[in-house]
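Numbering (the working numbering), first residue to last: -18 to 460.
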Amino acid sequence: MSSQTDTGAGLRAGLDNALAHLRTNADAHMQRLDDFLRIESVSADPTRRDEVRRAAEWVAGWLREMGVDDVALHETTSHPIVTGAWLGAGADAPTVLVYCHYDVQPPDPLDEWVRPPFEPRYENDIVYARGAGDDKGQLVMHLAAAEAWLRGAGGAPVNLRFFFEGDEEVGSEPVERFIADHPELLEADLCVVSDSDMADDDSTPAVTYGLRGIAYLEVKVRGSQQDLHSGQYGGGVDNPANVLVDMLASMVDDEGRVTVPGFYDRVRDLTDDERAAYAEQPWDEAAELDRIGAPAWGEGERGYTVLERMSARPTFDINGLWGGYSGEGAKTIIPAWAAAKFSTRLVPDQDYREIESLLKEHLESIAPPTVRVEVRVIHGGAPAITPLDHPGVKLASEALEAAFGKAPLFHRSGGSVPVVAALDAQLGLKSVLIGFASPNGNFHAPNEWMPLWNVRDGIEAIVRTWERFGSVSPADLRG
Ligand code: BES
Ligand code: MN
Ligand code: MN
C-alpha cells in the first residue's frame, strides 16, 4: 500500500482487513506467545547466552516470515540487537521505529513460582511466565500487529522499522554504541516503545510520558588484611561493615532527601498542573499497600505524595549488602571488608554520568581514614519525558480509546528504559510509550503475569495506531 495513492477509503479497507486478520489468527498469535515465553532469555545469566540468542533468532524468524526486509542480528559486546524494516508505505508516509526488549530478568526465587517460570500457566484469561509482561508479551503484540497489516492488508499505512534489544534488563549498555554506529537503521519520525503498563486491570489504557533514569554502583569498604578476632581487636580498629552501614545511612537525611552535594541541582520540579494530574490518578494507596504486603508506606521525601515519590522524584536505594559472617550460628569477627550495591533513580534533567561521579566522590570523601573505599559504576541510564502535546500522543490515544473503549490516562513511570533518552539525545528521535502490561503484573518478581485481554485489545490498539499515524504526514508526526 502506498500513501501517495491511498484515499481515506483505502486506509479504512486496509484497517478492516488488518482487524479481520487478527480475528482469524488470534489462536496462532497466542501459540506464538507461548513459544516465545518458553525461551529462557535471561540476559544477566552467562549460562543462558544461547537461550538469549535463540530468542533473538525467534524474533528475526517471525519478522522474515511476515515479509519484513533486511532482518538482521547485530553482534554487540553483549547480546544481539535485532533490526528489520518494511518501507512499503512510501516516502510520503511516516516511518515508525518500534522498540521492545526480548531479554528478561532472572526468575529466582524459583520456589515461589506456582509453575516454573518458563512453562506458561494460563488461568482466568491471564498468562503467568517470566517476561509475560516485561517485555516479551508486548514484543509479540507488535509482531502480531505488524503481521496483521503486512499479511492481512497487504501493507501498512506507515513504514515500520524494528529495534529489539537483549540487554535492557542489564542496563542497555550496547545500545548507545549501536545508535551511533547505525543511525540509518533507526531513521524514523517517531519511536513507539511498548515496555510499560496500563492504568489498571480493568482495560484503562495508559500513555507513559515519563521514565526515571538510573545510576547503579557498587561500594566496597576494606579494613584489615584478613578477618580479625572481634574480642582481641574490637574497639581498636574500625569495623568495615559498621563503617559501610554508617556511610550508606548518611546518604539519606531525616527529610528523606539524598545528602550528596549537587544531587538535586538539575531536578525539574513538578508543576502545579502535574501535581493536579497526579492527584487525579485513580490510584488506591491502601489497596496497593495490601497487594505488596508491606506494613505501611515509608515517609520518603517529605512534601511529596507516594505516587509522586515513586515516579517523579529521585531516590537512593541499597540493592544488596554483604560481607562478614552470615552462616549458621555465630562467628566473632571483625570482617576484613563489606560491600553493597546501590542505585539512585533519576528524574529529568539529572545527568546519570554526573550523578555517578557525585556519588563516587561523595562516598570517597565521607570514608574515614581507617578504611579504604572502592566505588565502581555498574550501569547508568538517562531519564526521559515525552511532551504531552506531542502529536503522536494524541493519535496513539485515539487508537487506544478505539481498541479498549476507554480514553487513556497519562502517567509517569518510576522504572527506566535507557534507550528512550539515548534515541532522543543521539538522533533527536522522540518516543511515545504505550504499554500493555498490568500495573500489578509482578515485573521482575515470581509469578509475573499478563492479562490476555490486554494482549488482544492491545494488538488491536497497535494496529489502529499505525492507521492513525498513517493519516498524517511525516512532518506532522514528528511534531
Ligand atoms: N519495563 C521495565 C521498566 C518499567 C517498569 C517501565 C514499570 C514502566 C513500568 C524495564 O524492563 C526495566 O525493568 N528496566 C530496568 C532498567 C535498568 C536495568 C537500567 C529498571 O527500571 O530497573
Ligand atoms: Mn521492560
Ligand atoms: Mn524490566
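Ideal Cβ placement from N, Cα and C applies to all residues, glycine included.
Go through the stretch 364 to 410 residue by residue and report every complete run of the beta strand (DSSP E) that reaches 3 residues or more, in order. Within the stretch 364 to 410, the complete beta strand (DSSP E) runs of at least 3 residues are 390 to 393.
What's the C-alpha gap between D250 and E289? Note on geometry: alpha-carbon atoms of D250 and E289 lie some 11 Å from one another.
Does at least one heavy atom of ligand 1 sit under 6 Å from the Cβ of G396? Taken from the Cβ of G396, at least one heavy atom of ligand 1 lies inside 6 Å.
The stretch 119 to 130 in contact with the stretch 434 to 450 per 3-pair CB rule at 8 Å: The count of Cβ pairs closer than 8 Å, one atom from the stretch 119 to 130 and one from the stretch 434 to 450, reaches three, so the stretches are in contact.
Compare the C-alpha of T367 against each of G396, K341, A402, L381 and name the closest. Out of G396, K341, A402, L381, A402 has the C-alpha closest to the C-alpha of T367.
Please report the straight-line C-alpha distance between A66 and A137, rounded to a whole angstrom. Taking the straight line from one Cα to the other gives about 12 Å.
Indicate whether S177 and G373 have their beta-carbon atoms separated by less than 7 Å. No, these two residues do not count as a Cβ contact at 7 Å.
Please indicate yes or no: does the CB of D235 lie closer than 6 Å to some heavy atom of ligand 2? Taking 6 Å as the cut-off, one finds no heavy atom of ligand 2 near enough to the beta carbon of D235.
Measuring CA to CA, which of H60, D50, E46 is closest to R30? Comparing Cα-Cα distances from R30 to each of H60, D50, E46, the minimum goes to H60.
Suppose the cutoff is 7 Å on Cβ atoms and the five residues either side in sequence are ignored; what does the same chain contact list for G301 look like? The residues are A321, K322.
What residues in its chain sit with their C-beta under 6 Å from that of E382, if we drop five residues either side in the sequence? Once the five neighbours on either side are set aside, the close Cβ partners of E382 are A388.
Between the stretch 338 to 349 and the stretch 424 to 433, are three or more C-beta pairs nearer than 8 Å? No contact exists between the stretch 338 to 349 and the stretch 424 to 433.
Would the C-beta of D116 count as close to ligand 2, meaning under 6 Å from any of its heavy atoms? Correct: D116 has its Cβ closer than 6 Å to ligand 2.
Beta-carbon proximity check, S22 vs A36, cutoff 7 Å: Contact: yes.
L410 to T76 span [Cα, whole Å]: Approximately 11 Å between the Cα atoms of the pair.
Is the closest heavy atom of ligand 1 to the C-beta of D477 under 6 Å? Outside the modelled stretch of the chain, which goes from -18 to 460, sits residue 477, for which no answer is possible.
For L131, count the other beta carbons within 10 Å of its own beta carbon; 16 or more makes it buried, fewer makes it exposed. Which is it? The residue in question, L131, is buried, as its Cβ has 16 or more Cβ neighbours within 10 Å.
Name the two residues that bound the continuous alpha helix (DSSP H) containing A267. Per DSSP, the continuous alpha helix (DSSP H) segment holding A267 begins and ends at 266 to 273.
Runs of beta strand (DSSP E) lying entirely within the stretch 155 to 191, each at least 3 residues, in chain order: The stretch 155 to 191 contains these whole beta strand (DSSP E) runs: 171 to 174.
Determine the DSSP secondary structure at K201, reduced to helix, strand or coil. It is a strand residue.
According to the neighbour-count rule (16 or more other Cβ atoms, all chains shown, within 10 Å of its Cβ), is S175 buried or exposed? Buried is the call here.
Tell me the rounded alpha-carbon separation between M(-18) and A1. For M(-18), the predicted structure reports a pLDDT of 45, less than 50, and the residue's modelled location is therefore unreliable. The matter cannot be settled from this model.
At a cut-off of 6 Å, would you count D176 as near ligand 2, judging by its Cβ distance to the nearest heavy atom? For ligand 2, at least one heavy atom lies less than 6 Å from the Cβ of D176.
With DSSP run on the structure shown, which of helix, strand or coil describes L229? DSSP places L229 in the helix class (H, G or I) of the three-state scheme.
Give the DSSP-derived three-state secondary structure of I443 in the structure shown. Three-state DSSP puts I443 in a helix.
One question on the structure: do A74 and V33 come within less than 7 Å of each other, judged by their Cβ atoms? Result no, Cβ atoms of A74 and V33 do not sit closer than 7 Å.
By the DSSP assignment, the alpha helix (DSSP H) with I336 in it spans what residues? It spans 333 to 347 - the alpha helix (DSSP H) in which I336 sits, taken as one unbroken run.
Pull up the distance between the alpha-carbon of G191 and that of R326, whole angstroms please. Straight-line Cα distance between these residues: approximately 13 Å.
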